[in-house]
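In the working numbering, the protein residues as written are 126 to 926. Working notes, structure below.
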């Protein structure tokens with residue numbers, strides 16, 4: 126009977142499928158397991174005594190009425206099965222009914238899958254006789270059953286409990302995310318089908334529950350996650366599908382009796398999300414790069430047009446020619462405004478436009494807005510009214526340029542749509558949300574044409590205007606209000622519009638602003654006198670722009686040497702002395718940034734510093750950091766006016782301008798110093814120049830490595846490693862007096878200790894944004910400090926006497 130035995134072994138899956146099919150067709154599935162693994166266990170449990178019988182009996186003995194077959198091994202198997210199922214609440218009728226279909230499945234196997242037809246009858250008789258003995262065992266056991274009501278009640282409860290267990294086991298196996306159950310020693314006790322597919326392979330659901338021993342190197346990664354610290358983090362794990370990113374959640378069993386000490390570990394596969402996020406970031410970077418290129422390519426010719434018009438206006442012109450020049454200037458300014466709106470909105474969409482936080486004079490912004498808009502107000506023959514409510518301070522922290530942009534946009538719109546009456550700007554203190562934080566409300570009210578109520582909801586959508594005629598009558602891109610909306614939101618505020626009862630409309634926005642006690646010296650209005658008679662190197666590869674800049678410079682009696690490349694600038698700097706360098710950023714060959722770096726290196730030999738101002742059509746914060754880190758003292762965004770050029774030159778030639786410009790681009794919001802100068806001064810005095818130099822060099826080299834280390838651990842949420850690295854950076858920064866870096870490092874350390882992922886990412890971004898700026902200030906201070914010591918040593922040396 127070896128052939129029958131092999132047939133049963135080889136066709137195990139066929140048997141499982143056939144039994145499940147019969148159970149479903151005849152409504153027995155409702156009383157049985159939901160997992161294929163349980164059906165497999167049942168088939169294996171039935172086939173095992175059948176294999177044993179095939180080994181011991183070539184022919185199963187006939188059943189004779191007078192014999193006692195309860196001691197027969199096959200009948201004994203039936204008796205044991207009856208005991209187990211009866212205690213679980215299974216009735217004899219239910220059990221025999223389902224067993225009939227098990228019998229039929231084995232008979233079907235013999236009939237349909239036996240290769241040699243001559244064995245079919247023999248195999249079938251054996252199967253039928255085997256199941257007769259099994260059923261004899263069932264009936265023998267069930268015939269001894271008591272009619273005890275308590276036993277019956279227990280059977281019913283057991284049946285319900287079994288069904289409930291099957292339900293929750295099925296839920297566990299059906300979960301979309303990989304789920305693991307680990308015991309109090311961190312060993313895997315069970316896991317569901319999704320985890321099985323990822324880490325084990327093609328196995329049946331429930332195999333771990335039904336006792337199959339499964340272990341491999343992929344599963345070995347899971348228990349180690351408990352030692353990571355934290356109950357929620359992201360990590361990478363190797364799976365059968367390759368390395369995947371997972372969001373990990375760890376939860377102890379909710380058991381107040383502490384009977385169950387297991388831990389539940391849930392993995393959410395975020396690989397596609399990570400990939401999509403990376404692709405989005407790459408797309409945003411590409412978009413930002415495209416915007417940078419377009420900004421440069423469009424602003425450069427506009428700079429030429431506006432500059433040439435300005436130069437032309439200073440030449441002898443007829444009245445008609447003056448009108449032509451004014452028209453060209455107005456059209457160019459309008460084109461520049463449209464360009465600025467379009468680029469600003471595109472930068473918002475690319476995530477490339479940020480806000481700065483500096484102290485500013487709110488009343489000065491009011492004055493600036495009035496000065497800029499006054500000519501339009503007069504041209505419309507209307508009044509401009511400005512009022513400040515009680516309790517509003519003069520000085521606040523925020524982004525004054527963007528606040529002024531919002532106000533100008535709203536007032537310009539109000540003036541544009543108002544032909545009679547007035548436009549008013551008012552500001553009121555709504556509440557003090559926290560000590561020193563004012564919620565300010567700005568109102569721009571007009572007596573103009575008002576807003577169509579049906580279009581009110583579309584006002585702050587991009588490219589939307591009241592109707593097509595609005596653009597024809599009044600101009601504009603339809604981006605101004607959308608930009609205002611995004612700027613106000615970025616300031617944690619809100620903006621809205623309402624029609625006035627007697628005509629016109631009121632645009633309002635509320636933003637929270639932190640009070641400042643007074644303005645720091647770097648943010649006061651400069652009012653610097655125009656400096657004249659300098660020897661200036663102008664490096665600009667665009668002939669029109671170089672002619673414009675030369676014309677502006679010569680008005681102030683500066684001597685100008687025009688060069689067209691970074692290579693020429695370096696060569697001339699080595700051979701000639703200049704009082705000032707104006708350097709374009711984008712040039713063929715050696716660009717402006719690289720040229721300035723080389724010039725600063727050449728200056729170290731002479732201990733002299735030439736002020737350098739970058740000229741660029743780009744004004745992005747990250748670009749500015751690059752410029753100043755390279756060694757710039759100032760920056761001018763194209764197009765610029767003669768007044769802006771003169772003020773920038775005067776500012777760069779004033780005392781401590783270098784440090785002021787570094788502070789002006791800092792993204793740090795607190796009014797603290799970047800560096801405590803006494804620390805390195807004390808090191809120099811107490812330890813000597815050589816050891817102090819080694820401390821300085823080590824800090825500069827190690828800081829970049831530590832920050833990279835922190836960023837790396839941020840991506841995998843290794844909180845302990847982040848905390849350790851931040852602590853190291855904090856200690857090192859305090860040792861050299863880098864107070865800003867030390868404070869940020871301490872905030873990151875605290876956030877890591879609290880496992881505050883959002884705070885960590887905010888502060889790490891802030892650290893990365895300010896790193897170059899802070900280190901450049903540190904470098905400049907150290908060079909100044911050591912050069913002063915060197916000069917003192919030279920004076921005191923005996924050979925100098």
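Each residue gets a CB set at the ideal place from its N, CA and C atoms; glycine is no exception. Since the structure is predicted, the reported quantities are computational estimates derived from the model, not experimental observations.
Among 844, 843, 874, the one whose alpha carbon lies nearest that of residue 855: Residue 855 sits at position 730 when you count from the first residue of the chain shown. When C-alpha distances from residue 855 are compared across 844, 843, 874, the shortest belongs to 874.
- request: Please name the residue in 870, 770, 432, 350 whose C-alpha comes closest to that of residue 669.
  value: The count along the chain shown starts at 1 and reaches residue 669 at position 544. Here the closest residue by C-alpha is 432.
For residue 253 and residue 129, the rounded distance between their alpha carbons: Position 4 of the chain shown, counted from the start, is the residue given in the question as residue 129. Position 128 of the chain shown, counted from the start, is the residue given in the question as residue 253. Cα to Cα, residue 129 sits roughly 13 Å from residue 253.
- prompt: Quick one: what does DSSP say residue 364 is sitting in, helix, strand or coil?
  reply: As a working note, residue 364 is residue 239 in the chain shown. Three-state DSSP puts residue 364 in a strand.
task: Just grab the DSSP bridge partners of residue 563 for me.
output: For the purposes of this step, residue 563 is taken as the residue at position 438 of the chain shown. Paired residues: 557, 638.
- prompt: When the Cβ atoms of the stretch 410 to 424 are set against those of the stretch 440 to 447, are three or more pairs found closer than 8 Å?
  reply: no
Limits of the unbroken beta strand (DSSP E) element including residue 662: On the chain shown, residue 662 is found 537 positions in, with the first residue counted as 1. Element bounds for residue 662: 660 to 664.
field: Start and end residues, alpha helix (DSSP H) containing residue 221
entry: Position 96 of the chain shown, counting from 1, holds the residue named residue 221. Residues 217 to 238.
query: Okay, do the stretch 890 to 900 and the stretch 859 to 873 touch, 3+ Cβ pairs below 8 Å being the bar?
result: yes
query: Leaving out the 5 sequence neighbours to the left and right, which residues in its chain are closer than 6 Å to residue 153 when beta-carbon positions are compared?
result: In the chain shown, residue 153 corresponds to position 28, counting from 1. Within the same chain, residue 153 has close Cβ partners 223.
query: Relative to the C-alpha of residue 239, which residue among 133, 701, 750, 357 is closest?
result: For the purposes of this step, residue 239 is taken as residue 114 along the chain shown, with counting starting at 1. Distance check between residue 239 and each of 133, 701, 750, 357 places 133 closest, using alpha-carbon atoms only.
query: According to the Cβ coordinates, are residue 452 and residue 438 closer than 9 Å?
result: Counted from its first residue, the chain shown places residue 452 at position 327. Counted from its first residue, the chain shown places residue 438 at position 313. No, Cβ-Cβ distance for residue 452 and residue 438 is not below 9 Å.
field: Backbone secondary structure at residue 370 - three-state DSSP
entry: On the chain shown, position 245 is the one that residue 370 refers to. Correct three-state label for residue 370: strand.
- request: Would you mind sorting residue 839 into buried or exposed? The rule is 16 or more other CB atoms within 10 Å of its CB.
  value: As a first step, residue 839 must be located in the chain shown, where it is residue number 714. Classification for residue 839: buried.
- request: Compute the beta-carbon to beta-carbon distance between residue 715 and residue 690, rounded to the nearest angstrom, for a pair I have assumed lies under 8 Å.
  value: Walking along the chain shown from the start, residue 715 turns up at place 590. Walking along the chain shown from the start, residue 690 turns up at place 565. Yes, residue 715 and residue 690 are in contact; Cβ-Cβ is about 7 Å, under 8 Å.
- prompt: Can at least three beta-carbon pairs, one atom from the stretch 516 to 534 and one from the stretch 483 to 501, be found at a separation below 8 Å?
  reply: yes
field: Between the CA atoms of residue 718 and residue 70 - distance to the nearest angstrom
entry: In this structure the chain extends from 126 to 926, so residue 70 is not present and cannot be described.
message: Using CA atoms only, rank isn't needed, just tell me which of 126, 901, 530, 607 is closest to residue 177.
response: Here residue 177 refers to the residue found at position 52 when the chain shown is read from its first residue. If we check each option's Cα against that of residue 177, 126 comes out closest.
message: Counting C-beta neighbours from all protein chains within 10 Å, is the total for residue 658 16 or more, i.e. buried, or is it exposed?
response: Here residue 658 is taken as the residue at index 533 of the chain shown, counted from 1. It counts as exposed.
message: On the CB-based measure, 16 or more other CB atoms within 10 Å of its CB, does residue 401 come out buried or exposed?
response: By 1-based counting over the chain shown, the position of residue 401 is 276. Exposed: under 16 other Cβ atoms inside 10 Å.
task: Would you please state the rounded distance, in angstroms, between the beta carbons of residue 498 and residue 536? I believe it to be under 8 Å.
output: Here residue 498 refers to the residue found at position 373 when the chain shown is read from its first residue. Here residue 536 refers to the residue found at position 411 when the chain shown is read from its first residue. Going by Cβ atoms, the distance from residue 498 to residue 536 rounds to 5 Å, so yes, they are a contact pair.
Nearest-angstrom Cα separation, counted from residue 348 out to residue 558: What you label residue 558 is simply residue 433 of the chain shown in a count that begins at 1. What you label residue 348 is simply residue 223 of the chain shown in a count that begins at 1. A straight-line Cα-Cα distance of about 47 Å links residue 558 and residue 348.
- prompt: The beta strand (DSSP E) spanning residue 305 covers which residue range?
  reply: Translated into the one-based positions of the chain shown, residue 305 becomes position 180. Segment 304 to 307, the beta strand (DSSP E) holding residue 305.
field: Own chain residues within Cβ distance below 7 Å of residue 466, not counting five before or after
entry: Locating residue 466 in the chain shown gives position 341, where the first residue counts as 1. Excluding residues within five positions, the ones whose Cβ falls inside 7 Å are 602, 604, 605, 608.
Cβ-Cβ separation, residue 165 to residue 145 (assumed contact under 8 Å), whole Å: By 1-based counting over the chain shown, the position of residue 145 is 20. By 1-based counting over the chain shown, the position of residue 165 is 40. That pair is no contact at about 10 Å.
query: Is it buried or exposed for residue 788, if we count other Cβ within 10 angstroms and need 16 for buried?
result: Start at 1 with the first residue of the chain shown, and residue 788 comes out as number 663. Here the model assigns residue 788 a pLDDT of 42, short of 50, so the residue's position is not dependable and the matter cannot be decided.
task: Would you mind stating whether residue 777 and residue 831 have Cβ atoms separated by less than 9 Å?
output: The residue labelled residue 777 in the question sits at position 652 within the chain shown. The residue labelled residue 831 in the question sits at position 706 within the chain shown. Against a cut-off of 9 Å, the Cβ pair of residue 831 and residue 777 comes out as no contact.
- prompt: Buried or exposed: which applies to residue 560, given that a residue is buried once 16 or more other Cβ atoms fall within 10 Å of its Cβ?
  reply: What you label residue 560 is simply residue 435 of the chain shown in a count that begins at 1. By the neighbour-count rule (16 or more Cβ atoms within 10 Å), residue 560 is not buried but exposed.
Close-in-space but distant-in-sequence residues of the same chain around residue 899 (CB under 7 Å, 5 per side omitted): Counted from its first residue, the chain shown places residue 899 at position 774. So the qualifying residues of the chain are 799, 863, 865, 866.
query: Quick one: what's got a C-beta closer than 7 Å to residue 245's C-beta in the same chain, skipping five residues either side?
result: The residue you call residue 245 lines up with position 120 of the chain shown. Once the five neighbours on either side are set aside, the close Cβ partners of residue 245 are 235, 236, 239.
field: residue 389 - containing beta strand (DSSP E), residue span
entry: The count along the chain shown starts at 1 and reaches residue 389 at position 264. 388 to 394 is the span of the beta strand (DSSP E), which, as asked, contains residue 389.
query: DSSP three-state call for residue 528: helix, strand or coil?
result: Working through the chain shown from its first residue, we reach residue 528 at position 403. Note: residue 528 maps to helix in three-state DSSP.
- prompt: Relative to the C-alpha of residue 656, which residue among 638, 680, 633 is closest?
  reply: For the purposes of this step, residue 656 is taken as the residue at position 531 of the chain shown. Comparing Cα positions, the closest option is 680.
message: I need the boundaries of the alpha helix (DSSP H) containing residue 583, first residue and last residue.
response: On the chain shown, residue 583 is found 458 positions in, with the first residue counted as 1. For residue 583, no alpha helix (DSSP H) run applies, since DSSP gives it neither H nor E.
query: Under the rule that 16 or more other beta-carbon atoms within 10 Å means buried, what is residue 184, buried or exposed?
result: Reading the chain shown from its first residue, position 59 is the one you call residue 184. Exposed, by the Cβ-count rule.
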